[in-house]
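So the protein lines, in turn, are chains P and E. Read left to right, the first sequence gives residues 6 to 344 (the working numbering). Read left to right, the second sequence gives residues 12 to 307 (the working numbering). Using N, Cα and C, we set each Cβ at its ideal position, and we do this for glycine too.
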Amino acid sequence: MSAYEMRSNFGPLHVLTGNQVRDALEDVLQKFTVVAPVMADNKLVYDEVNDVSDIVLNDALPYKSPKDVVFPRVEDVMRFLENRVEEAQVIKPVLLVGAKPCDLAAMKVLDEVFTGEQGRYKDSFYSNRRDFLIIVGMNCREKKSGCFCEERGINPAFSQDCDGFLTLQDDGAVYEPLTEKGADLFSGATAASENSVSPGEETLVLNTSEAEVFTAMPWEKYAEGCIGCGTCTFICPTCHCFNLRDSEKKGIVTRTRVWDSCMYPKFTLHAGGHNPRTRKYERFRQRVLHKYLYIPENYGCTACTGCGRCIRSCPGGLNIRNTVLDIQRRLAEKREVHV
Amino acid sequence: MSVQHQDGSRNVQNQDEQKHVQNPYLPSRAVILEVIQETKSETQDVKTFRLKLDAPFDYRPGQFVEFSVAGIGECTFGFASSPLIKDYMELTVKRTGYVTENIHMLSEGSTVWIRGPFGNSFPLEKMEGRDLFYVTGGLGLAPLRPMIDYVFDPAYRNRYGNIKMLMAARTPGDFIFSYDFEKWGKMPDTEFYQTIDSPAEGWDQFVGFPHTLIEKIPFDLEKTTAVLCGPPPMIKALSNAFVQYGLPPERIYTTLEMRMTCGVGKCGKCNIGHRYVCIDGPVFSMAELGEMPSEY
């Protein structure tokens, strides 16, 4: 289905004044659990909204990604009963408002990993949450330091990877329904669809093989400042490593799924004491290549959206964009020499 | 390996019927029938647990399960008994950490939880007509035992050629399944060897690491397929030795140990290059491993 067909199926554009946006948000808050950008501890984050006035619809990319809407930081998996286990997941329908194009692209990567055919197994927890999620995307007009979504082929002004898209304007907004689920969420004066935005070209990619980059690149240099804190993985919209943990409360054992991080040395520690990735540069290499080589090979998409969060948050100054650029440059030089 | 096979054979209680995706994290119940103390050395750190499952399932040699003790956690183990045995299954567990420490404290009648089977398996059909050379180190014998017993089964034995077995352990007391050795050694067209790391009183078998010994055991380079399992450094040294000896990497198989959580290719732990040991392995040929980063 082309972009044009998809965008013409679900009704006209709605041009909303600022007040109409507020009214529409009031309305959806009555019907759904709404997750939207709100301020918490002086940081803009995607979180559950209780009062419409808390919603911050502006240009800032929230500090954290909205991945925990579909892949919570801690989630109950099951409870052990005497002779059986009981599934413990609690799902409620959620409306996510204000997800930026980079975070929408990240959700597509997670969809592939957790529910795609290529993954062979489907993750029921992710899949259940995803089925009950409606997403309203929102444009991004201001580039933060470290942002590079355009090099990753993402158009910050528009994305189709959602149920409806809200384009903020200086005065009010334009809402464009993109799926049936997004059809009646915001209504204002109607207008015809413009169909003028198209995604850009992905320039920051690695067209290479594991053998060509695994040992030939200066990984120790790239990872020099790493302190092994794992912030990059927790803040990343596509990172999805996890652990299962048991805990007991009032005699009932619950198994929970919690985020884990490939940047921790114990992540790969064998029971027998052997560890395939003992060094920091090996773990950073895993993170970079997992995003730029392994997931593309397995799922056909690069697992980095250029949101820049890991770059802005890294206390050691590690920079995935500069790393990939440097690898690209070295590969190009090597190929020139061979020609 | 297929999702259907794994899902269809699991008995999941309290399934929410509205959900169309099967939950891959729910285990089914099993009861411990017997606990067998394997190693006789001072640490006595390996035990085999014979389990009866509420909902038995089929598996192939080389596959693995996720084994849970409620409230303690979950660990990954290869099946250690023949899939031809339908009354029970066995898992061999070395006491090395929190979960295995707790597993070792369990006794007959204890309830445990199993999910699986997961992973690929040894290419038994592809190996038909070939001589087999098994080399194992320590606990590495456990994941090979389903294949060993399957091939020795009268129904399948004539599908395979001569068999050589070289089993290694640190000390004479560290061998697992030693009660099977006499039976295996007497099997037709089979040579059975043992080795330990350093000389011990009364020991008349080989001494030394397996990779230094394969040239002392004559085998037919054209006809033989080697199957190895042991600690990663042993696998690396041994496969190098076989390759140097002239055995092509395509005919050397191993089953990898990696830290795992989910078993279904999501949690990220067993990722080596673009492969996941849990769904692309655990069985790999050395030719396949040669194309992957050496992060195992």
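Give a yes or no on whether 8 Å exceeds the smallest Cβ distance from residue i to chain E.
i: P/E53; result: no
i: P/L274; result: yes
i: P/V90; result: yes
i: P/S70; result: no
i: P/C237; result: no
i: P/G233; result: no
i: P/V118; result: yes
i: P/C267; result: yes
i: P/N303; result: yes
i: P/P281; result: yes
i: P/V102; result: no
i: P/R125; result: yes
i: P/S318; result: no
i: P/S7; result: A caution first: P/S7 carries a pLDDT of 41, below 50, which makes its placement in the model unreliable, though a value can still be read off. No - not a single Cβ of chain E is within 8 Å of the one on P/S7.
i: P/V79; result: no
i: P/D251; result: yes
Please decide whether residue i counts as near chain P, where near means a Cβ-Cβ distance under 8 Å.
i: E/L261; result: In the sequence on display, residue 261 of chain E carries Glu and not Leu. Not one chain P Cβ lies under 8 Å of E/E261.
i: E/K175; result: no
i: E/P304; result: yes
i: E/A81; result: yes
i: E/E112; result: no
i: E/Y70; result: no
i: E/N7; result: Residue 7 of chain E falls outside the range modelled here, since chain E spans only 12 to 307, and no answer is possible.
i: E/V312; result: Summary: the structure shown does not reach residue 312 of chain E, with chain E confined to residues 12 through 307, and so no result is reported for it.
i: E/K58; result: no
i: E/G108; result: yes
i: E/Q24; result: At E/Q24 the pLDDT is 30, less than 50, meaning the model places this residue with poor confidence and gives no usable figure here.
i: E/Q48; result: no
i: E/K277; result: yes
i: E/L143; result: no
i: E/E268; result: yes
i: E/E299; result: no
i: E/T272; result: yes
i: E/I290; result: yes
i: E/K30; result: For E/K30, the pLDDT reaches just 42, beneath the cut-off of 50, and the residue's location in the model is therefore unreliable, although a value from the coordinates is still provided. Interface residue, yes.
Expressed to the nearest angstrom, what Euclidean distance is found between the alpha-carbon atoms of residue i and residue j?
i: P/L86; j: E/N113; result: 19 Å
i: P/R288; j: E/D291; result: 21 Å
i: E/M116; j: E/I43; result: 12 Å
i: P/R260; j: E/C278; result: 15 Å
i: P/T220; j: E/L267; result: 22 Å
i: P/P138; j: P/K69; result: The identity of residue 138 of chain P in the sequence shown is Leu, whereas the question assumes Pro. Rounded to whole angstroms, P/L138 to P/K69 spans 18 Å at the Cα level.
i: E/P128; j: E/D69; result: 8 Å
i: E/L232; j: E/L258; result: 6 Å
i: P/A276; j: P/V33; result: 50 Å
i: E/W195; j: E/E49; result: 17 Å
i: P/L336; j: P/Q291; result: 19 Å
i: E/Y307; j: E/C289; result: 13 Å
i: E/I187; j: P/C267; result: 34 Å
i: E/K280; j: E/R270; result: 6 Å
i: E/L249; j: P/I240; result: 42 Å
i: E/G361; j: E/K51; result: Limits of chain E in this structure are 12 at one end and 307 at the other, which puts residue 361 of chain E out of reach.
i: P/V82; j: P/F130; result: 8 Å
i: E/S121; j: P/K255; result: 21 Å
Can you name the residues that DSSP bridges to residue i?
i: P/A194; result: P/V20
i: E/R61; result: E/E45 and E/E101
i: E/F75; result: E/G89 and E/F129
i: P/G169; result: P/V141 and P/P182
i: P/G254; result: It is Lys, not Gly, that sits at residue 254 of chain P in the sequence shown. Beta-bridge pairing links P/K254 to P/I257.
i: P/K48; result: P/A45
i: E/R286; result: E/I283
i: P/D81; result: P/T261
i: E/S39; result: E/I125
8 Å is my cut-off, CB to CB: does residue i come that close to chain A?
i: E/C240; result: The structure shown has no chain A; the protein chains it does contain are P and E.
Fully enclosed by the stretch 196-232 of chain E, which alpha helix (DSSP H) runs are 4 residues long or longer? Within the stretch 196-232 of chain E, no complete alpha helix (DSSP H) run reaches 4 residues.
Curious, which full-length beta strand (DSSP E) runs of at least 3 residues does the stretch 128-186 of chain E contain? Correct list: 142-148 and 174-180.
Across the stretch 69-80 of chain E and the stretch 116-135 of chain E, are there enough close Cβ pairs to call them in contact, namely three or more that are closer than 8 Å? Between the stretch 69-80 of chain E and the stretch 116-135 of chain E there are three or more C-beta pairs closer than 8 Å, enough to call the two in contact.
Sufficient close CB pairs (3 or more, under 8 Å) joining the stretch 25-37 of chain P to the stretch 93-104 of chain P: Three or more pairs of CB atoms, one per stretch, sit closer than 8 Å, so the stretch 25-37 of chain P contacts the stretch 93-104 of chain P.
Any contact between the stretch 198-205 of chain E and the stretch 101-113 of chain E? By contact I mean 3 or more CB pairs, one from each, below 8 Å. Touching, no.
Evaluate the contact criterion for the stretch 182-191 of chain P versus the stretch 17-29 of chain P: three or more CB pairs, one atom per stretch, below 8 Å. Taking 8 Å as the limit for Cβ pairs, the verdict is that the stretch 17-29 of chain P does touch the stretch 182-191 of chain P.
Segment contact, 8 Å Cβ cut-off, at least three pairs: the stretch 152-166 of chain P with the stretch 100-110 of chain P: Touching, yes, given that three or more Cβ pairs across the two stretches are closer than 8 Å.
Could you tell me whether the stretch 113-128 of chain P touches the stretch 302-310 of chain P, where touching means 3 or more Cβ pairs closer than 8 Å? Segments in contact, yes.
Measuring CB atoms only, is the stretch 213-227 of chain E touching the stretch 187-196 of chain E, in the sense that at least three cross pairs come out at less than 8 Å? These segments do not touch.
Are the stretch 145-160 of chain E and the stretch 86-100 of chain E touching by the rule of at least three beta carbon pairs closer than 8 Å? By the criterion of at least three beta-carbon pairs nearer than 8 Å, the stretch 145-160 of chain E is in contact with the stretch 86-100 of chain E.
Say whether the stretch 234-251 of chain E touches the stretch 137-152 of chain E, bearing in mind that this needs 3 or more beta-carbon pairs closer than 8 Å, one atom from each stretch. A contact exists between the stretch 234-251 of chain E and the stretch 137-152 of chain E.
Count Cβ pairs between the stretch 34-43 of chain E and the stretch 168-185 of chain E that sit closer than 8 Å; are there 3 or more? In the pairwise beta carbon analysis, the stretch 34-43 of chain E is classified as not touching the stretch 168-185 of chain E: fewer than three pairs are separated by under 8 Å.
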